[in-house]
Every structure is written in structure tokens, then in C-alpha cells.
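Chemist: For reference, the structure I am asking about is given below.
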Amino acid sequence: MIPRLFPLVASAVMLSPCFAQAAEPISIQGADLKLEGDLGNFKASWSYATPEPNLLLATLSLTAPEAATPPPLTVSWSVPAVDMVGIWTPDPSKPKNSHMGLKVGARGSKAMPLYSYFDSGDRNRMTVALSDALRPSLLTGFVREEDSKLYLAVSLFKEKQPALKSYEITLRFDTRQLPYYQSLLEVTRWWAAQEGYQPTHTPEAARLPLYSTWYSYHQHLDPKELLEECKIGGEMGLAGIIVDDGWQTLDSNRGYAFTGDWKPERIPDMKGFVDQVHALDQKFLLWYSVPMVGDKSEALKKFKGKTLRYVKGFGAHVLDPRYPEVREFLIETYEAAVRDWGLDGLKLDFISMFSAIPAKDLTASNGRDLASVDVAVDQMMTELIARLKKINPEILLEFRQPYNGPLMRKYGNMLRAVDCPNSGPINRKHIVDVRLVADRTAVHSDMIMWHPDEPVESAALQIQNILFSVPQISVRLGDVSAAHRQMIAFWMDYWMKNRSVFLDGRFEPRGPAQNYPLIIGRSKDKLIATVYHDLFVPLDGEVPAQVDVVNAKAGGDVVLRFAKDYGAATVEILDVQGQVISKESTTLKAGASVWKVPASGLLKITQTANH
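According to mature numbering (1 follows the signal peptide of the UniProt record, and there is no 0), the residues represented by the sequence shown are -22 to -1, 1 to 589, in order.
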């Protein structure tokens, strides 16, 4: 099919940053920052650095003659709300096309102190981050209608903290004209360069597709059935299994009343089961709920009085990690499982439940060797990853959104999108949100699932929405149709062959205000674009010799806009199962080229000669 050629025109639905005129960068100076709050015995001072134009590092230092509870403080400033169409925050539940009310709460085990205002061309307008991602902080803002200005604030010590003599935090203000995703990446690397924030190693196995039992089996786990899933999954390109909640109890009433003892009641011969999975050349990861000891567990008796709170809906208590015996119990539990059962990794859940709300005694006394819950969690997790690596240097540790901040990258090498069963578009949004602040740490999709009666093109959308992550699948593979199996096998093979582009290439998620309807990954040799709505793919600058476009929508045209002549090329169009339905040679010139690609199909362009 010879492509139709059109002159270059702008369209409201054709998303491309080249059509938006950039406004002047916002100016933020040290003098614009206002510190408010009763300092008490503390003295405050500011220092400033400007590594390059429109990048301000403002460092606040607090000192006191003797240790005292730090007072609630607020740093505030305002800027004109010029050329801002949305705001990126780490909260996956918040829309990005509104900045009427900004609220980002963060601590070491939840989210991160970061947000980024962007313009209609996907460019950064103002990215703000805090150096201290461990202690609780609150970042807020609103638009004042009378003057159309943003009034912004950073609240420190709003949640009561243990006594201290000194404290230092840097506020990073970036108003450079960069793609918003580059600005976020630079914050991620800024954190990673800080002492105590260095990310852990990401093993090769963390970058391979996995089967998960959660959606497909929930707590009804049968080793024989799961072993069969591993066999089928291996044929489709899956490299291992995550056995989720249910292995530790025969109770299937959901909730967490039986967590804490971690005896393999439902899978008594856990070591034998792991060995059988390994015999298939697959990895084995096991789920744990880290903070909780259930009402019906023996562990609760052991740690009576050493918990932070009771969660009625879960039927479980949250352990207090400030007690050394609590930390050691948890670490030893995971050490024993990895050592005795031969596990390749752990899925560690609910880390964000560790917090001192409601506030308890914030002192290192009465058996506690640490005053801060957040510091205790950091110390425990840092020691955990170190001790597990002594058993298995390639150990895998998965955490899920929203515990995916910079400190979580220190302990974990797999960050998963938060649960969104049977929702490809939401999965895509969550994945991109995690990818933007993960750098080289492996980002996994939420487990994809679909109804057995789904048309194959619709089922494929679940996979196509997660291509820029490491896939996790949670459907009963033995029950899927032959057409679905063929589709899964094709797209898993395509993902593996192009993994270096999907995971390691330049990551360009376009249109954050529209939940990323176009994602581009590019390496030196190849560009892959996934298109989720009717818009064109802008091919600017140096275009690689291979260009693939995934038509992740219900058919319709695939439109590419070449900024300059591309030259002679071979064009293939494949259907959802990877069958070639057309192949031709053509010459591609500057302007828009349009192809008819079937629903959930694939367009492949290979340059045959330089023009």
C-alpha cells in the first residue's frame, strides 16, 4: 500500500512539541523564598547555588544549641501561572491536566517530594524537588484567581519529628526549557548522587517478563496448576513466576488476619515447588506483607506492645520497626526463605504503612533504639538488601507504586505499577509515572488480565499499553484460546527483541495532560512509537534506519510526519498476531505519510538507502 502524502499542517489532535511557542522561563530567586514558622531555639540560614541559568539550589540550614523538636515550618513563594497546562506529580490517582490544587505528601516509603509544571509543548515550566526524601514533607499550591498566580509552599515538620540539633535540606527549582521528562530524569539522578540514596544493582532477571498468580488465582493456589502455568508461560516467553498472597494460609477470606508467621500452609513443600520451577529454567519470587502481623498470628503475641497501629479492615497490626527485635525478625524471615527455599526474589508489599501516624512517643527509649519510624525503615531495608545479597548477589526485590521513591530504589530493583486490573490505559499511565523517576531501575507493569471472550485485538491492547515496562501477566494461560496464545507469544517475542529500545532507549512519553497518548522510545538504530489515539508521530531530527509504530487502538490510520526526506524504505504491515499482511518498497518524503494498519497491528519501516 503506497502511503498517502500530505503537506505539513498543524492539528489540535496531532500532538507535537514543535507547534507550541515557548514562553520565557520563570524566574525564581533566593529572595523570593519566604520562611514562616516559630523557630523557637533554632536558627535558620539560607545558601544558594545556580549550577546553570534557571536552575536554583536553595539550601535551608537549621541549628539549635541542644536537641529539640523541630518546629513546623513553611517555605512559600509565588510565580505567574504563564503557559502551564498541567502538572506532573507522583500521585497516580491525580489528573495531570489540572493544577488548581497541588498536594504532594511524601516520605521515604511513600511517593517523593517532587512535582513538575509543564506547557502545551511538553516542556518544563517549573520542577520542584526536595533533597530530603526520607522525612515527611508536604508540597502544596493553588491558583489565585485575582492575579492568576501560583502560590506554592513546602511544609516541613508538619508531622512531629524526633528531637535534633541540626537539619539541612535543599530545595531544587528547575525552570529551564527542557522536555518535562528530561527535567524529571535529572531530579532522579540528582537524588541518586546523594549519600545514602545510591540505587541498588538491577540484575538481568529483573528485566524479564513474569507470570503472577494474583489476579488469576488470588489465594487459591495449587502448585500443580501453577507449575503448568510456568510451562505454558515459558513457551510464550515468560521467565518466571511471582507466587502472591495465599501461600502462607489455608484461609481464603482475603484480609491479612493470618499474616506474620509465614508458614507455607498451602504449599507445604515450598522447597520442592521452587526446585520444580527452577527445573523449567524459570525464576521464583514469593510475596510478603512486610509491616503486618495479623490478629490470628503467633507473631502478634511475640510483639505485643511493639506495633504502631491496628488496621481494622485488614484484621492486622502494623509493626514498629524502631524496635531492633522487630527489624531482626523481619530480616531473618526473608533471609531464611531465600536461603532455605532457594528463592530468586521477594515481592515486598505494603511498605508505605510504616508511619508514626497517629504519633506515638518519638524517642529511642523503652526498648526502641531509634526514635524515627522513617529512619528505622530505611535502616531495616538497607540492612535487608545487604544481607540478602550475601545469600544471592542477584536477588530480586519488587516494590509497587506508590512506594517507588528514590530511597526505595536503594533497596529494590523492580518497581511495579500500582494495581489496575483489566485497565490498559490506566496501566500505561501508572507505568509512565514510575518510569519517569526510575532511571535504570526495572519498571514492571501491573499484572495484565482480560476476559477469555475478549476479541484478540482487545486483549492485545492490554500488552500494547505496557510495552515500555517489563510485562507481568496474570491470566490462566491454560484456559486462553489458541488465538490469544499466538498473540501473546508474538508480542512477548517482539518485546524481547526490542527490549533495549523499550527499556534503555531515550524515553519520550508525550502528552502528560492527556495520559500519554503517544510514547516514543529511540536508540541509535531504531525508533518505536506506540500510538493510543488518533494523532501523528513526529519524526524530527535524525531518524534511525528502523521505525516501528504500534497501532494500539481500534484500527484507523497511522500517520507519520517526516521533518525531512527519509528516502527509500521497505514497509511492512502486520496484524495483531504478527502475520504480515502487506510488504512493499517506497520512497518517503518530508510531510505526512498515512498507512492503514489493522487494530492492534504493527507498522515496520526499514530504510534501504540514505536519501
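Note that the Cβ used here is the ideal one computed from N, Cα and C, for glycine as well.
#1: Could you give the distance in angstroms between the alpha-carbon of L11 and the alpha-carbon of S54?
#2: Are three or more beta carbon pairs between the region 43 to 57 and the region 311 to 321 nearer than 8 Å?
#3: Would you tell me roughly how many angstroms separate the C-alpha atoms of H462 and W66, rounded to the nearest one?
#4: Do the region 125 to 145 and the region 389 to 404 make contact, defined as three or more Cβ pairs closer than 8 Å?
#5: V458 to T148, Cα distance in whole Å?
#6: Assign N405 to one of three DSSP states: helix, strand, or coil.
#7: In chain order, which alpha helix (DSSP H) runs of at least 4 residues are fully inside the region 321 to 378?
#8: Between the Cα of I441 and the Cα atoms of A460, D471 and R413, which residue gives the shortest distance?
#9: Can you tell me where the alpha helix (DSSP H) holding R463 begins and where it ends?
#10: Give me the residue from Y158, G519 and A546 with the minimum Cα distance to R539.
#11: Is I409 near M425, with beta carbons less than 8 Å apart?
#12: Quick check on the burial criterion: 16 or more other C-beta atoms within 10 angstroms. Buried or exposed for I335?
#13: Select from D229, L263, M248 and I210 the residue whose C-alpha is nearest the C-alpha of I219.
#14: Return the CA-CA distance between A45 and E243, expressed in angstroms with no decimal places.
#15: Just to confirm my understanding: we take M90, look at its own chain, exclude 5 residues before and 5 after, and list those with CB closer than 7 Å. What are they?
#16: Output the boundary residues of the beta strand (DSSP E) element that contains residue 605.
#17: Leaving aside the five residues before and after D397 along the sequence, list all residues of the same chain whose C-beta is less than 6 Å from its C-beta, in chain order.
#18: Provide the residue span of the alpha helix (DSSP H) that contains W240, from first to last.
#19: Looking at C-alpha atoms only, which residue of L580, Q557 and R150 is the closest neighbour of V537?
#20: Give a yes or no on whether the C-beta atoms belonging to N102 and D61 are separated by under 8 Å.
#21: So, for P269: in the same chain, excluding its five sequence neighbours on each side, which residues have a beta-carbon less than 6 Å away from its beta-carbon?
#22: Report the start-end ranges of each alpha helix (DSSP H) in the region 384 to 450 that is 4 residues or longer and not cut off at the edges.
#23: Using C-beta distances below 6 Å, list every residue in its chain close to M(-22), excluding the 5 sequence neighbours before and after it, in chain order.
#24: Buried or exposed: E173, going by 16 or more other Cβ atoms within 10 Å of its Cβ?
#25: Distance check for G499 and M(-9), CA to CA, integer angstroms please.
#26: What would DSSP say about H256, mapped onto helix, strand or coil?
#27: Return the bridge partner residues of M214 from the DSSP annotation.
#28: Near I373, what residues of its chain come up, given a Cβ to Cβ distance below 7 Å and the 5 sequence neighbours on each side ignored?
#29: Looking at the unbroken beta strand (DSSP E) that takes in R488, where does it start and where does it end?
#30: For H179, write down the residues that DSSP places opposite it in a beta bridge.
#31: Tell me W66's beta-bridge partners as DSSP assigns them.
#32: Quick check: the region 196 to 204 against the region 166 to 181, are there 3 or more CB pairs under 8 Å?
#33: Return the residue from the list S71, L80, E124 and N370 that minimises the CA-CA distance to K261.
#34: Indicate the three-state DSSP secondary structure (helix, strand or coil) for G291 in the structure shown.
#35: What does the alpha-carbon distance come out to for the pair G119 and G272?
#36: Rank R150, K284 and G291 by C-alpha distance to the C-alpha of V351 and give the top, closest one.
Modeler: Put simply:
#1: 6 Å
#2: no
#3: 36 Å
#4: no
#5: 53 Å
#6: helix
#7: 351 to 369
#8: D471
#9: A460 to K475
#10: G519
#11: no
#12: exposed
#13: L263
#14: 49 Å
#15: P68, A84, A111, G383, P384 and V415
#16: In the structure as shown, the chain begins at -22 and stops at 589. Residue 605 is therefore absent and cannot be evaluated.
#17: D424
#18: Where W240 is concerned, there is no enclosing alpha helix (DSSP H), given that its DSSP letter is neither H nor E.
#19: L580
#20: no
#21: V296, L297, F328, M331 and F332
#22: 386 to 389, 402 to 413 and 434 to 442
#23: With a pLDDT of 44 at M(-22), under the threshold of 50, the modelled position of this residue cannot be trusted; read the value that follows with caution. Same-chain partners within the cutoff: S560.
#24: exposed
#25: Confidence at M(-9) is low in this model, with a pLDDT of 38, below 50, so the placement of that residue should be treated as unreliable; the coordinate-derived value is given next. Roughly 18 Å between the two C-alpha positions.
#26: helix
#27: Bridge partners of M214: none, in fact.
#28: V316, G323, L366 and K367
#29: R484 to R488
#30: Bridge partners of H179: none, in fact.
#31: S94
#32: no
#33: N370
#34: coil
#35: 39 Å
#36: K284
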